[in-house]
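Chemist: Numbering-wise (our numbering), the sequence shown opens with residue 26 and increments by one.
Yeah, the Cβ is synthetic: ideal placement off N, Cα and C, and Gly gets one too.
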Amino acid sequence: MFDRLEVAKNDASKSILVIGAAGGVGSILVQLAKKLTKLNIIGTASREETTDWLKDLGADAVINHRNKLSEEFEKYNLPAPEYIVSLNATEQHAEEIVKVIKPQGKFGLLMIQSRLM
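See below:
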């Protein structure tokens with residue numbers, strides 16, 4: 026988060042969108058961002074229980090990743106995020122990521138490839 030995205034720890038005016046925030050890596054990222062930065066944290070989830078859980082972990086807002094991200098940002102009047110980290114189904118969200126990221130924003134992608142032996 027700090028090396029690759031160059032997140033400023035004390036900048037409360039910026040936000041981060043974590044796509045896949047309710048997963049293992051995403052939930053840790055939400056907690057680290059809350060503890061180590063002053064960012065506005067926006068996570069994605071699709072179920073009520075995971076939405077509530079992410080808020081308990083420190084997410085300031087949670088949007089539904091089953092809907093178009095741009096529509097969710099508009100619905101909740103959320104600012105364009107300076108940082109986006111995609112941890113799940115990036116190919117499904119690519120066009121929407123382009124729509125919501127702030128100009129000159131930074132995008133981080135985690136790809137996990139599994140192999141069957």
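1. Starting from Ile-126, trace the alpha helix (DSSP H) both ways and give me its first and last residue.
2. Kindly identify the DSSP beta-bridge partner or partners of Leu-42.
3. If contact is defined by three or more beta carbon pairs under 8 Å, each pair taking one atom from either stretch, is the segment 97-115 in contact with the segment 70-81?
4. Between the segment 62-69 and the segment 127-135, can you find at least three pairs of beta-carbon atoms closer than 8 Å?
5. Can you give me the start and stop residues for the alpha helix (DSSP H) that Ala-58 sits inside?
Modeler: This is what the structure gives:
1. In the sequence shown, the residue the question calls residue 126 occupies position 101. If you look at Ile-126, you'll find it isn't in any alpha helix (DSSP H); DSSP assigns it neither H nor E.
2. Working through the sequence shown from its first residue, we reach residue 42 at position 17. As computed with DSSP, Leu-42 is found in a beta bridge with Ile-67 and Ile-109.
3. No, they do not touch.
4. Look at the beta carbons and you see the segment 127-135 not touching the segment 62-69: under three pairs across the two are nearer than 8 Å.
5. Translated into the one-based positions of the sequence shown, residue 58 becomes position 33. Counted as a single uninterrupted DSSP element, the alpha helix (DSSP H) harbouring Ala-58 occupies residues 49-61.
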